[in-house]
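S.K.: Encoded as structure tokens, here's the structure I'll be asking about.
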Amino acid sequence: MATTRLLKDLPLEVLEHIVSYLPLYDRKSVSQVCRALNSVTFSRRFLKDVTLYLDTTWDRSMVDCLRTSTRRYRNIYVFSLSDTLSQYNFAFIVEMLDRFGLEVESFHCNSKLSGKQLWNVINRVPNILELIVEIDATNLKHGQSFPALRQLRHLESVNNVLQIRGLDMPKLTRLTANFGTSSDAVESIDVLRRITPQLRSLELVSKKYCSSIEELRCPKVEVLKLSGQICRGSERAVLTFFDGFKCLKDVRLDFDVKHVVLDVITQACPGIEHLHFKNHHLESDTFQLLERLKNLKTLSISGSIDYRIILKCKPLVSVTHFCFSLVILNDETRIFNGLKQMLPNVVDLTITLTAPDRQDSVLVHACQTFPHIRRLVICDAAFFLRTLTDTTFQHLRSLNRLEELKLESVLVAVEYMQPIERLKRLEFHFHSMTDGELLMLADLYPNLKYLGLSWCENVTANGVGKFRERLPDCVVQFVCVSGEFFAPMVLCHPRHLECHTR
């Protein structure tokens, strides 16, 4: 006869193993079973991917609840409707940091902080690893001293933070900086010049040209992301800046990249593995520069390409992931034939639709050019989402090796979708699924192992249950639409103090 063991008598390792499989919502339910499970569920280990959401509009009962909490929160997100934090609201934040600050590793605030407020935050989070803040530069004292951020690894300056010259960040390896004004960029150059030699990852976004960009040295940077007007200016200064990189692996250039810039980058860093760049008028010589990148795995290009150019580039045999957002002028067949010769081993394809009157043509050519892909992502660059037609899905059916299909920002009529025998993962964004359509998907894709849905108000528990009866091995997940714009809409649900960090 089997013996019965109480949950509280199970070894800690067993309880941790059980909890590790549960999403946050279920963890909260399990925590109420017994003290042992409550202790495990909200231990420091399982709070790693949980963010405490602090809303300055809360009533005091919510604050009182947190005052008695024994949970060791590691991530805090502060949300405020105002542009700056009032003294009253900031006092609430300080109180929470006094309670949880020693454990906090990530702090994010969506409102501007004054220099004094930032000092008070830093002083209460000695073990902070990630700091995402914006500073009100109105009364900022550039020489103000701050406690050393000895453990900080990632700093994101939404605006003006790098103007504080007293910041000491000896272990900083990742920097994201957004310059809203030219004065912000100019006042930040001293700190940038000091910290860029130690960085592994650098992301700069600027609405204005950074006049002293050639002074920055980034010998250790492996991940580089640039956008906006950061490189608009003296060609010599820009080339000097790019010539200072030696270890680049992942590069994203969201501006019109001139041929000479790409020449310098590919020559200085032949070990690049992931490359995205824009070019308003792609030329054959541009593609020839890519031959230097023997380890290139992901190639992403955006811009316009004329059918009259000849793609002279030798086959890039290492590239397996190709992303494109192209305006193809006239003869699409010729261009796609050139891409087929240039990229013979692509198995992962991301298409961003640009021309509304040619979307079917682009998708048809892409399917014909890369028939052996195993993963396909379709996006739409337009503000108003377009609907994929039945013609589109007829051609997707020819992708007989396709295992994953992700429809990011296009509208989909499920009745147009065609059977794809090997499909294992399917994800919809911007589509309000119904129970009936859910069952149609079960019939179309009998080997499905994962289904991700973003809009699910018309899907019922009964519908999911019937779907699971047909596909018992398939996970159905309601996913948040990616993008920072949507994050507050998800986080600020009045019933939740916590959310998963994605």
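Every position in the sequence shown, counted from 1, becomes a number in the working numbering once 1035 is added.
Built from N, CA and C at the ideal position, the CB exists for glycine as well.
1) Just to confirm the assignment, what range does the beta strand (DSSP E) spanning cysteine 1144 have?
2) Using a threshold of 7 Å, state whether the C-beta atoms of valine 1362 and threonine 1387 are closer than that.
3) Leaving out the 5 sequence neighbours to the left and right, which residues in its chain are closer than 8 Å to proline 1523 when beta-carbon positions are compared?
4) Could you tell me if arginine 1080 is buried or exposed, where buried requires 16 or more neighbouring beta carbons within 10 angstroms of its beta carbon?
5) Is there contact between the segment 1271-1279 and the segment 1299-1307, where contact requires at least three CB pairs shorter than 8 Å?
6) Could you tell me the alpha carbon to alpha carbon distance between lysine 1046 and threonine 1076, rounded to whole angstroms?
7) Let me know if asparagine 1493 comes out buried or exposed under the rule of 16 or more other beta-carbons within 10 Å of its beta-carbon.
8) When the Cα atoms are used, what is the spatial distance from threonine 1404 to glutamine 1429?
9) Here's a check: name, in chain order, each residue in its chain whose Cβ is nearer than 8 Å to the Cβ of glutamate 1048, leaving out the five neighbours to either side.
10) Can you give me the Cβ contacts of aspartate 1203 inside the same chain, cut-off strictly under 6 Å, excluding the 5 residues immediately before and after it?
11) On the premise that valine 1447 lies in contact with leucine 1423, defined as a C-beta separation below 8 Å, what is that separation, rounded to the nearest angstrom?
12) Ignore the nearest five residues each way along the sequence and tell me which others in serine 1360's own chain have a CB closer than 7 Å to its CB.
13) Check the C-beta distance from threonine 1231 over to cysteine 1253 and give it rounded, since I have them as a contact under 8 Å.
14) Less than 7 Å between the beta carbons of threonine 1321 and histidine 1356, yes or no?
15) Just to confirm my understanding: we take aspartate 1133, look at its own chain, exclude 5 residues before and 5 after, and list those with CB closer than 8 Å. What are they?
16) For glutamate 1326 versus lysine 1284, is the C-beta spacing smaller than 7 Å?
17) Between the C-alpha atoms of glutamate 1439 and leucine 1461, what's the straight-line distance to the nearest angstrom?
18) With a Cβ-Cβ cutoff of 7 Å, do methionine 1119 and lysine 1083 count as a contact?
19) Pick helix, strand or coil for histidine 1528, following the three-state DSSP scheme.
20) For leucine 1050 and lysine 1347, what's the separation of their Cα atoms in angstroms?
21) Please check the pair leucine 1351 and leucine 1331, which I expect to be a contact at CB under 8 Å, by giving their CB distance rounded to whole angstroms.
22) Using the DSSP secondary-structure output, state which residues sit across from histidine 1260 in a beta bridge.
23) Thinking C-beta only, is glycine 1178 closer than 7 Å to asparagine 1194?
24) What does the Cβ neighbour count give for phenylalanine 1513, buried or exposed, with the cut at 16 atoms within 10 Å?
25) Among Trp1490, Leu1488, Leu1474, Cys1491, which has the Cα closest to the Cα of arginine 1503?
26) Can you confirm whether leucine 1132, when its beta carbon is compared against all beta carbons of chain C, has any partner nearer than 7 Å?
M.R.: Quick answer:
1) The residue labelled residue 1144 in the question sits at position 109 within the sequence shown. Residues 1141-1148.
2) Stepping through the sequence shown from its first residue, residue 1362 is reached at position 327. Stepping through the sequence shown from its first residue, residue 1387 is reached at position 352. No, these two residues do not count as a Cβ contact at 7 Å.
3) On the sequence shown, residue 1523 is found 488 positions in, with the first residue counted as 1. Confidence in proline 1523 is poor, its pLDDT being 29 and thus under 50, which makes the residue's placement too unreliable to answer from.
4) The count along the sequence shown starts at 1 and reaches residue 1080 at position 45. Exposed, since its Cβ has fewer than 16 Cβ neighbours within 10 Å.
5) yes
6) As a working mapping, residue 1046 is identified with position 11 in the sequence shown. As a working mapping, residue 1076 is identified with position 41 in the sequence shown. In the sequence as presented, lysine is not what sits at residue 1046; that position holds proline. Approximately 14 Å between the Cα atoms of the pair.
7) Position 458 of the sequence shown, counted from the start, is the residue given in the question as residue 1493. Per the 10 Å Cβ criterion, exposed.
8) Along the sequence shown, read from residue 1 onward, the residue named residue 1404 stands at position 369. Along the sequence shown, read from residue 1 onward, the residue named residue 1429 stands at position 394. Roughly 15 Å separates the two Cα atoms.
9) Translated into the one-based positions of the sequence shown, residue 1048 becomes position 13. Correct list: empty, nothing qualifies.
10) By one-based count along the sequence shown, residue 1203 stands at place 168. Only Ala1183 meet the Cβ criterion.
11) Residue 1423 sits at position 388 when you count from the first residue of the sequence shown. Residue 1447 sits at position 412 when you count from the first residue of the sequence shown. That pair is a contact at about 6 Å.
12) For this step, residue 1360 is matched to residue 325 along the sequence shown. The residues are Ser1337, Thr1387, Thr1389, Ala1416.
13) Taking the sequence shown and counting its residues from 1, one reaches residue 1231 at position 196. Taking the sequence shown and counting its residues from 1, one reaches residue 1253 at position 218. Confirmed, Cβ separation roughly 5 Å.
14) Reading the sequence shown from its first residue, position 286 is the one you call residue 1321. Reading the sequence shown from its first residue, position 321 is the one you call residue 1356. Cβ atoms of threonine 1321 and histidine 1356: not closer than 7 Å.
15) One-based indexing of the sequence shown puts residue 1133 at position 98. Excluding five sequence positions before and after aspartate 1133, the CB atoms of its chain that fall closer than 8 Å to its own CB belong to Arg1159, given in chain order.
16) For this step, residue 1326 is matched to residue 291 along the sequence shown. For this step, residue 1284 is matched to residue 249 along the sequence shown. Not a contact, by the Cβ cut-off of 7 Å.
17) Numbered from its first residue, the sequence shown carries residue 1439 at position 404. Numbered from its first residue, the sequence shown carries residue 1461 at position 426. Rounded to the nearest angstrom, the two C-alpha atoms are 6 Å apart.
18) Here residue 1119 refers to the residue found at position 84 when the sequence shown is read from its first residue. Here residue 1083 refers to the residue found at position 48 when the sequence shown is read from its first residue. Before going further, note that residue 1119 is threonine rather than methionine in the sequence given. Taking 7 Å as the cut-off, the beta carbon of threonine 1119 is found no closer than this to the beta carbon of lysine 1083.
19) Residue 1528 sits at position 493 when you count from the first residue of the sequence shown. With a pLDDT of only 30 at histidine 1528, under the threshold of 50, the placement of this residue in the model should not be trusted; the figure read from the coordinates follows. Note: histidine 1528 maps to coil in three-state DSSP.
20) As a first step, residue 1050 is located in the sequence shown; it is residue number 15 there, counting from the start. As a first step, residue 1347 is located in the sequence shown; it is residue number 312 there, counting from the start. Computed Cα separation, rounded: 60 Å.
21) Along the sequence shown, one-based indexing puts residue 1351 at 316. Along the sequence shown, one-based indexing puts residue 1331 at 296. So it is a contact: roughly 6 Å between Cβ atoms.
22) Translated into positions along the sequence shown, residue 1260 becomes position 225. It is lysine, not histidine, that sits at residue 1260 in the sequence shown. According to DSSP, lysine 1260 bridges with Glu1238, Arg1287.
23) For the purposes of this step, residue 1194 is taken as residue 159 along the sequence shown, with counting starting at 1. For the purposes of this step, residue 1178 is taken as residue 143 along the sequence shown, with counting starting at 1. The answer is no: Cβ separation not under 7 Å.
24) In the sequence shown, counting from the first residue as 1, residue 1513 sits at position 478. Exposed.
25) As a first step, residue 1503 must be located in the sequence shown, where it is residue number 468. The option with the nearest alpha carbon to arginine 1503 is Leu1474.
26) Going by chain labels, chain C is absent from the structure shown, which holds only one protein chain.
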